[in-house]
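**Student:** What follows is a structure written as structure tokens; I'll ask about it next.
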Amino acid sequence: MPLNSGRVPLASIFRVFFIIGATSFGGGLISWFHREIVTRRRWLTEEQFMSGVALGQVLPGPNVTNLAVYIGQRLRGPRGAAIALGAMLTGPFFLCIALAAVYSEAIRIPGFHAAMDGIAAAAIGMILRLGWMGASHSCRKAAPAVIALAVFIAIGILKWPLLAVVAVAAPLSVALVWPKRKPQGGGGDA
């Protein structure tokens, strides 16, 4: 359940996702989503958002579109999902068409490439911040921290295939956090 009680208006969902989609260059959309949805508006909890990030990465398709659908669905069901996705893609669609028309002239502007490099650096910083927040939130216990470290080493350092690592790490991590059945009280069997 969202932290802010009550239903989030569809117009608010459209406005937030349109602005994020139209103003996010060079990546880092997930960090923008987190700032707007969790930190500023408190529409979702940290746990709900991180569940959406994980689900978006597992499902086929771009992670950010999957996350937009997830957030919209959590807030207002199927209509919220459709509006969040449509709003996020509308601004960039028209912006890309406009930029394609003037691109050959824009690359000649002094400082254009430096500005694009700066935007990319800011996006990397936002992604690193979100990664740090997710890791610090998820790795409070030893088992998740060990799994996260093992996955980082396997994929990031040893360059093992993603599918093989996920095939081993996913069931192992689920088994480690699966709720244990508590022994039922009462007398023994006679």
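Using our numbering, count along the sequence shown one by one with no gaps and you end on 1178. By construction, the Cβ of each residue, glycine as well, lies at the ideal position given by its N, Cα and C atoms.
How about LEU1150 and ILE1143: are their beta carbons less than 8 Å apart?
**Tutor:** Yes. Within cutoff.
**Student:** Mapping DSSP to helix, strand and coil, what is ILE1018?
**Tutor:** The answer is helix: DSSP assigns ILE1018 an H, G or I state.
**Student:** For MET989, count neighbouring C-beta atoms within 10 Å of its own C-beta (all shown protein chains included) and say buried if the count is 16 or more, exposed if not.
**Tutor:** Unreliable positioning characterises MET989 in this predicted model, as indicated by a pLDDT of 49, which lies under 50. The coordinate reading is nonetheless provided below. Answer is exposed; the Cβ neighbour count stays below 16.
**Student:** For the putative contact between ILE1059 and PHE1006, defined by C-beta atoms under 8 Å, what is the C-beta separation to the nearest angstrom?
**Tutor:** The pair is not a contact, with the Cβ atoms about 14 Å apart (cut-off 8 Å).
**Student:** Starting from the C-beta of ASN1051, find all residues in its chain whose C-beta is less than 6 Å away, skip the five residues before and the five after it, and write them out in chain order.
**Tutor:** Contacts found: GLY1044, GLN1045.
**Student:** Alpha carbon to alpha carbon, how far is SER1161 from ALA1131?
**Tutor:** Rounded to the nearest angstrom, the two C-alpha atoms are 8 Å apart.
**Student:** Note down the Cα distance separating ALA1110 from ARG1003, rounded to an integer number of angstroms.
**Tutor:** Rounded to whole angstroms, ALA1110 to ARG1003 spans 23 Å at the Cα level.
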